[in-house]
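Below is one structure, written out as structure tokens; the observations come after it.
In this note's numbering, the protein residues as written are 100 to 461.
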């Protein structure tokens with residue numbers, strides 16, 4: 100199964116926009132327990148209790164977090180690397196270039212890696228946008244690994260399996276999913292490997308790397324037109340490892356039952372990669388099956404005890420790559436929120452992740 104270029108562009112745009120929306124919806128409640136969320140936002144008549152609309156975080160209504168920031172820098176690194184290869188006729192490993200892109204993100208956080216302090220790389224526009232935003236709850240593992248990196252393709256020297264891998268990997272799935280010839284296991288292996296390598300830039304634990312690779316494969320398969328549930332099945336069957344598959348299989352099973360925060364919490368809190376992936380699979384499958392609306396799938400993904408912005412972001416990525424821009428809930432994005440002000444930038448990166456495959460030096 101495959102999709103035409105313009106459908107891929109639409110899916111890619113929606114993947115990034117809905118990911119940012121899920122991130123922004125979860126940002127105000129990231130460090131709150133479920134009971135605290137319900138107490139603050141009211142026991143609403145909606146099936147999904149807790150926060151319903153974008154609220155203030157980091158001094159702005161509908162603010163994104165480090166999840167969307169790093170996702171954009173991942174996309175920018177891939178696009179910049181492809182251009183460099185087309186113009187120079189030579190290209191190293193892609194994860195070396197995304198690593199440098201993440202170091203540029205590090206600089207927007209007021210920190211630096213002295214090995215790359217004078218390195219000019221990537222979009223100046225993106226750099227300035229994110230630098231103005233400043234710190235949005237960046238993960239210590241990402242910060243520490245990027246500060247310590249000696250060379251671009253160096254693997255992280257830690258044992259962290261935090262969700263900082265899966266929350267940023269969607270562009271990897273889109274970009275390499277678009278470049279592969281078909282969705283055979285041999286071709287998907289390339290996508291999986293790139294997802295694993297991207298994770299290894301900052302996270303040394305194999306579980307974080309496996310989860311990132313599996314999510315990249317799911318995104319690539321849905322980009323090519325596979326239904327979400329089938330894509331999850333293929334990814335787990337062909338690339339699943341016990342440390343990730345066990346929880347993700349549980350998520351698939353729970354998605355066949357009526358939605359509930361109790362079922363979601365059986366999957367963990369999302370602070371580690373396999374839990375964040377499983378929660379996002381659970382919530383996005385409920386949306387894919389039309390058990391919940393896109394809005395309520397995102398609400399379920401953020402109203403729990405754990406890492407609400409990351410689980411919201413990944414759920415948005417999966418719903419976006421499946422349904423495209425037609426399901427983006429404008430009423431939830433609003434017109435006066437930070438995420439609404441970033442929609443055009445997100446749309447452009449979503450388009451460029453596909454269009455770049457046709458880039459030739461002028």
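Where a beta carbon is used, it is the ideal one built from N, C-alpha and C, also for glycine.
The model shown is predicted, which means the values in this text are computed figures rather than measured ones.
The region 441-448 makes no contact with the region 399-416: fewer than 3 CB pairs, one atom from each, lie closer than 8 Å.
Around residue 421, the same chain offers 321, 327 and 387 as residues with beta carbons nearer than 7 Å, after the five sequence neighbours per side are excluded.
Counting only the Cα atoms, residue 340 lies some 7 Å from residue 309. Rounded to whole angstroms, the gap between the alpha carbons of residue 242 and residue 453 is 29 Å. With fewer than 16 other CB atoms across the displayed protein chains lying within 10 angstroms of its CB, residue 389 is exposed. According to the DSSP assignment, residue 296 belongs to the alpha helix (DSSP H) that extends over 284-299. In this structure, 240 is the residue among 280, 240 and 344 with its C-alpha nearest to the C-alpha of residue 262. Under the three-state reduction of DSSP, residue 260 is assigned to coil, being neither helix nor strand.
Per the C-alpha coordinates, the member of 117, 286 and 142 positioned closest to residue 166 is 117. Cβ neighbours of residue 258 within its own chain (closer than 8 Å, five residues either side excluded): 303 and 304. Taking the Cα positions, residue 233 is about 11 Å away from residue 226. Taking 9 Å as the cut-off, the Cβ atoms of residue 448 and residue 254 do not count as close.
In the three-state reduction of the DSSP assignment, residue 252 falls in the coil class.
In the DSSP annotation of this structure, residue 219 is not part of any alpha helix (DSSP H), being labelled neither H nor E. The beta carbon of residue 199 lies closer than 6 Å to those of 220 and 251 in the same chain, with the five residues before and after it left out. Annotated three-state conformation of residue 354 is coil, per DSSP. With fewer than 16 other CB atoms across the displayed protein chains lying within 10 angstroms of its CB, residue 130 is exposed. Taken in chain order, the complete alpha helix (DSSP H) segments of 4 or more residues contained in the region 350-436 are 360-364, 372-387, 393-401, 407-422 and 429-432. Setting aside the 5 residues that flank it on each side, residue 401 is surrounded in the same chain by 121, 124, 125, 128, 149, 150, 407, 408, 410 and 411, each with a C-beta closer than 8 Å to its C-beta; the list follows chain order.
Going by beta carbons, residue 343 and residue 368 fall outside the 9 Å limit.
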